[in-house]
Structure formats: structure tokens, C-alpha cells
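Down below is the structure, laid out as C-alpha cells.
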Amino acid sequence: MIYKGLRILSHPSKPLLWWYKQRDVIDFDPPYQRKGRLWSRSDKAYLIDSIINGFDIPKLYMADFQMGGMALNRSGKEYAIIDGKQRFEAVFDFFDHALTLNADFVWRRDPSLKLGGLSLRDLRNSYPDIADAFETETFDVMSVVTDDSEDINELFVRLNRSKPLSGAEIRNAMIGAVPDMIRNVAKHELFTDYIRFSTKRAGDFNAAAKIVLFEYRGSPASTKKSDLDAFAQLRRVEAEKLDLAGNHCLTHLDSMTQVFLPRDILLASAGVFPVYYWFVRVAHPSLYSYIREFLVQFEGERAEARARAARDENLSDERDYVYSRYDTFNRSTDDRRSHLGRLGILATLFGDWLRGRHLTNPVPDLSRRVRELRSTVQHEIDEGDSE
């Protein structure tokens, strides 16, 4: 099959044991690859069941750099997985004895055998014929050869079109300056160690895309799927502006690590992450040590207000209406107006909270810092209203 220099050829048939021995020369995480470890243990064991019982396994696609396309070889390895990562991981887990057969496993050639729960080591010891059948089974692997990154991107998307890829996963598969910058920002320790929301469907890339877009635009912007897709697909990017946006992201993510804790419950929602990011961004560093305590109290009081509303209690406290308004903004979490509205509420309440407390370590020029924070947020709200 040839299309604009793209070649897709059958890789020479090799047993699974051969592929296992080649695992160190396989790049499992090229830029376009979806997040690994999406399969449950049961899913992976079911694949092993299918292999041992002789069922057909769908084709796997590998960039084969031994045959060409070295311009795209970022890892320096011989192969890069395009489609089939979960299947290879399941097989390698079984070889590594990190996976056992499902409890309900039945070997079709002899259903009387009780093999459920056994590992490959167990099979080698007690049922060597079954172990050998697994190790010598072959995958139908296709070698993909091209020097054009767009070919790889299009092939990945086409192969996964019938699968429920998230918008973030598709954007992560794209090639270009913006996706590269988003991937770089998503490597920051805040995404690897501090956030608590799921990253299995590229949730970290999605959050990173939002803050890169904020920085590129210079203020909170609409972060709907269509906005992020358009941003990732930009053909004419202001390179210096994008580099500056990426550097700003890394700097302010560093600041967030001074505010939040590893696996912080406050960072359990991807929807509020961009708001917290910008809130920390516009706050003076002298306020960092108080932000988390304020947010914990804010979220607690907001939860209590929701509980009172659910019980149809009279919401006479003005704060209850503020919390209700914040909840309303939260329901349109990717709107520019929602980002700015939540920022405005946080800035106002944070200032009130600071002034109403006896601070153990008084903030120099506290009143001025609060005014600056509120003024900055209000300016962005005014700018948003004028658009």
C-alpha cells in the first residue's frame, strides 16, 4: 500500500517471545500515542486467553525505522508503536509474571484442566505445551515506513476512528509546534505528582492545552473542544509568542507546587484546574502560603451551601448566593465567561478572607496586594465583557 511515500508492509512473522526480547528497542510512547495502561487486568488477561485459545488478534502497526523514516525517530529505537500498545503491554506483562490468567479461563482443547489464576511460570512448570504455544504464537504486525509525520498522524487517527478516542488524545497525536509545546508542559511535575484528576484519557494533556492557550492569548480564553482543536491545528504560529507562553506555563506551574500538595484533593477536578492556575498566576508570591487554606475553606463552605439548597432551606446568607453563582459558572466550565466569573469570585472572597484573619506571618502591604489581585482579575473580566 503506497500513498504519498507512505509504505505499509507485513513485518516478517515473529513469535511473541521474539518480540518480548526486542522490547528494549520498541518506543512505547511516541508523541501520537494514547496513554498506556488503559486496560484493566481482566482485559489484559482476556487477550492472553484469546491468544492461547487460538483466536485471531487484530493487526498491530509499528513505525519500522530499520526500513527508513529515520527523520521521525525521536527515541533512536528500531520501532515505535502506532497502534497496538495495549496488546503488547498485556503480552509483556504475562512474560514478566505480572499477569495471570483470569479465574474463569478455559482451555478449549481440554476444558477439564483448571488453569485459572496461573502465571506463565506456572504454565512452564506444569503445562509446558501450553506455555510453548503462547510463546511461539505470532502477531500480525505491519511495518509502517514514512518520512512524513502527517502520514503517521493520519494513520493513527484512522486506525482509532472507531474507538472512543478523547479530543485530547487526538490532539496529542497531532504533529506541530503547538502539540509539541503542550506535550512539553504536560511533563511538568505538577501534572505527574500533584494533580488528582484522571490522566488515563490524556486528561493532563487537555489541562496543559488550556493553560498554554491562556498564556498564548494573554488571558483566560474559551477552552471548549473546538477551541483547543483549532489551537492545536494552527499552521501559522508566532514561534516566539508560543515559546514565551510555554515558559510562562512552566514558571507558574512551579508556583503552583508551592501552593498545592502532591495528589491534592483540591486538584481532583480538571474543570477547575485552569481557574486555579490563573488565580495563582495573578497572585503575589507573598500570598501563596495562604491560598490553599482559603480554597479548602471555600470548597467546604460551598459544599455546605449546596447541601442547604438541596434541603430547600432558605438561603438568606449573601455568601450562599455567591456560592450558587460559582456553581452556575462551574456548569459551563470551558466558557471564557465561566473562567473569569470564578476568578472574580475567588479574588473577592480571598481578599475578604485575608482581611478577616489574624495572620501568623503578616503579608507586607497586604491591602495593596489584595487590591492588585482584584484589579488584575477585574481588568480581565472587563476585557472579556468587551469582546
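When the count follows the working numbering, it moves up by one through the sequence shown with no breaks and lands on 402 for the last residue. The C-beta atom is built at its ideal place from N, Cα and C for all residues, glycine as well.
Apart from sequence neighbours up to five positions away, the residues of its chain that approach L116 with a beta-carbon distance below 7 Å are A60, I63, D64, L130, G131, G132 and L133, ordered along the chain. Within a 10 Å sphere around the beta-carbon of F70 sit fewer than 16 other beta-carbons, which makes this residue exposed.
Contact check for F43 against I96 passes: the beta carbons are separated by less than 8 Å. Between P289 and K225, the C-beta spacing is below 8 Å. At the C-beta level, L361 and P235 stay beyond 8 Å of one another. From the listed residues S304, F365, D350 and S347, the smallest Cα separation to E314 is found for F365. With a minimum length of 4 residues, the unbroken runs of alpha helix (DSSP H) contained wholly in the stretch 247-283 fall at 254-274. Rounded to whole angstroms, E165 and V172 show a C-alpha spacing of 11 Å.
For D79, the enclosing beta strand (DSSP E) has its first and last residue at L75 to D79. With a contact defined as Cβ atoms closer than 8 Å, L135 and A146 qualify at about 6 Å. In the three-state reduction of the DSSP assignment, I210 falls in the coil class.
Fully contained in the stretch 309-366 are the following alpha helix (DSSP H) runs of length 4 or more, in chain order: 333-345.
With contacts defined by Cβ atoms closer than 8 Å, R56 and L114 form a contacting pair. Look at D42 here: in three-state DSSP terms it is strand. Bounds of any beta strand (DSSP E) do not take in M82, whose DSSP letter is neither H nor E.
In the DSSP secondary-structure assignment, D98 is bridged to Y76. CA-to-CA, the gap between A217 and D397 works out to about 33 Å.
Contact annotation: the stretch 243-262 does not touch the stretch 287-303, with fewer than three C-beta pairs closer than 8 Å. The beta carbon of R211 is closer than 7 Å to those of R278, D279, I280, L282 and A283 in its chain, skipping five residues each way along the sequence. Close CB contacts of S28 within its chain, under the 7 Å cut and outside five residues either way in sequence, are with T153 (chain order). Ranked by Cα distance from L205, the first of L243, Y231, T266 and E93 is T266. With respect to D342, R372 sits apart: the two C-beta atoms are not nearer than 8 Å. Shown here, V160 sits in a strand according to DSSP, grouped into three states. Straight across, the Cα-Cα distance linking L21 with Y209 is about 41 Å.
It is roughly 12 Å from the alpha-carbon of R323 to the alpha-carbon of Y336. Under the three-state reduction of DSSP, P30 is assigned to strand. With contacts defined as CB atoms closer than 8 Å, A78 and V159 qualify as a contacting pair. Taken through DSSP and simplified to helix, strand or coil, T153 comes out as strand. The C-beta distance from F120 to Y35 rounds to 21 Å, too long to meet the 8 Å contact threshold. Scanning its chain for C-beta atoms nearer than 6 Å, with the 5 sequence neighbours on each side dropped, one finds around G99 the residues L75, in chain order. Residue pairing from DSSP places S25 in a beta bridge opposite M157. Between A105 and W54, the C-beta spacing is below 8 Å.
Here E395 is buried, its C-beta having at least 16 other C-beta atoms within 10 Å.
Spanning the alpha carbons of R232 and Y303 requires a straight line of approximately 25 Å. Between S90 and M82, the alpha-carbon positions lie close to 16 Å from each other.
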